[in-house]
């Protein structure tokens with residue numbers, strides 16, 4: 703699937719996230735369905751994060767699954783913040799696609 707480029711139009715900022723989802727994985731196909739329908743994936747969680755997480759914050763995504771929230775948190779915390787995740791195969795692959803392995807997103811061990 704092509705990379706999905708999303709700019710979040712928030713009241714105080716416009717963070718950008720890039721998603722490269724593989725629809726052969728059911729968990730990633732679910733995320734694609736939400737986004738193609740014009741909605742946030744797990745909108746209650748996504749919207750709460752956009753309201754709570756600020757640039758410069760440090761955030762942790764435990765059980766990161768396909769990496770949607772990890773990538774969202776990375777965009778919300780910005781270059782001055784940090785986003786950490788519990789190590790999962792999918793997240794490492796998702797971040798590697800965009801060269802983010804060493805950019806404010808170190809893995810927790």
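In my numbering, the protein residues as written are 703 to 811.
A virtual CB, placed ideally from N, CA and C, is assigned to each residue, including glycine.
Computed from a predicted model, the values in this text were never measured in an experiment.
Suppose the cutoff is 6 Å on Cβ atoms and the five residues either side in sequence are ignored; what does the same chain contact list for residue 736 look like?
743
Straight-line CA distance for residue 729 to residue 739?
16 Å
Contact set for residue 721: own chain, Cβ-Cβ below 6 Å, skip 5 residues either direction:
706
Write down the C-beta distance between residue 779 and residue 755 rounded to the nearest angstrom, noting that I regard them as a contact closer than 8 Å.
6 Å
For residue 747, which residues in the same chain have their Cβ closer than 8 Å to its Cβ, ignoring the five residues on either side in sequence?
771
Are residue 774 and residue 733 touching if we call contact CB-CB under 8 Å?
Not closer than 8 Å, so no.
Taking 6 Å as the limit between beta carbons, can you name the residues of its chain near residue 805, skipping five residues before and five after?
Because the pLDDT of residue 805 is 47, which lies under 50, any placement of that residue in the model is unreliable, and the number read from its coordinates should be weighed accordingly. There are no such residues.
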